[in-house]
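Numbering-wise (full-length UniProt numbering), the sequence shown opens with residue 1 and increments by one. For reference, the structure discussed in these notes is given below.
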Amino acid sequence: MDERFEQVRMMLLEQKREILQKIRGKKGEIGDLRGDFIDIATDSLEHELNYIFEEREREKLQNIDEALKRIKEDTYGECDECGDDIEIERLMALPFTHLCLDCKAKQERQKKLRIYVEQES
Ligand SMILES: [Zn+2]
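This is the structure we're talking about:
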């Protein structure tokens, strides 16, 4: 494993722990509410909110696990576009990014250009 990413790995593990705790905490909360609110509408709204919340957290968890796996396999921190190392500061701020700053900027420019072209035609 690349020593440079130890800090990122610790941060990701911490984030993972927080999310798991949040999901577990949320479940407990809703379990408690159920006794007080028997109303079906409230119940389904609660269910929906819970679903949205869990989807988002689950997605984050997936991102974290994927990044942790890449750190372990030594494929983490490489730009998908140019294969260069992504700056460690950038990884600390955006641990799930697959692109270096240059390629990201290029991609953004292309996206803007595409929107511009689409508007013109
Ligand atoms: Zn790149």
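By construction, the Cβ of each residue, glycine as well, lies at the ideal position given by its N, Cα and C atoms. Being a predicted model, the structure only gives us computed values, none of them experimental.
By the DSSP assignment, the alpha helix (DSSP H) with residue i in it spans what residues?
i           : result
residue 195 : The question about residue 195 has no answer, for the chain in this structure spans 1 to 121.
ARG4        : Neither: ARG4 is in no alpha helix (DSSP H) and is coded neither H nor E.
Inspect the beta-carbon positions of residue i and residue j and report whether they are closer than 8 Å.
i      : j      : result
THR97  : ILE88  : no
LEU99  : CYS79  : yes
VAL8   : ILE71  : yes
GLU73  : ILE19  : no
ARG109 : LEU101 : no
Under three-state DSSP, which class holds residue i?
i     : result
GLU66 : helix
GLU78 : strand
GLU59 : helix
HIS98 : coil
GLU14 : helix
GLU46 : helix
GLU54 : helix
Out of the options, which has the shortest C-alpha to C-alpha gap to residue i?
i           : options                      : result
LEU12       : CYS100, ASN50, LYS60, GLN107 : LYS60
LYS16       : ASP65, VAL117, ARG90, ASP74  : ASP65
MET10       : LYS22, ALA67, GLU55          : ALA67
residue 125 : ARG114, MET92, ARG58         : Past the boundaries of the shown model lies residue 125; the chain is included only from 1 to 121, so the question cannot be answered.
ASN50       : LYS106, GLU14, ARG24, GLU118 : ARG24
GLU81       : ASN63, LYS106, GLN62, GLU3   : LYS106
Tell me, which residues are paired with residue i by DSSP?
i     : result
ASP85 : GLU78
Are the C-beta of residue i and some C-beta of chain D separated by less than 8 Å?
i     : result
GLU55 : Looking for chain D here will not work: only one protein chain is present.
Please indicate yes or no: does the CB of residue i lie closer than 7 Å to some heavy atom of ligand 2?
i     : result
GLU81 : Because ligand 2 does not appear in the structure shown, any question about it cannot be addressed here, the ligands present being ligand 1.
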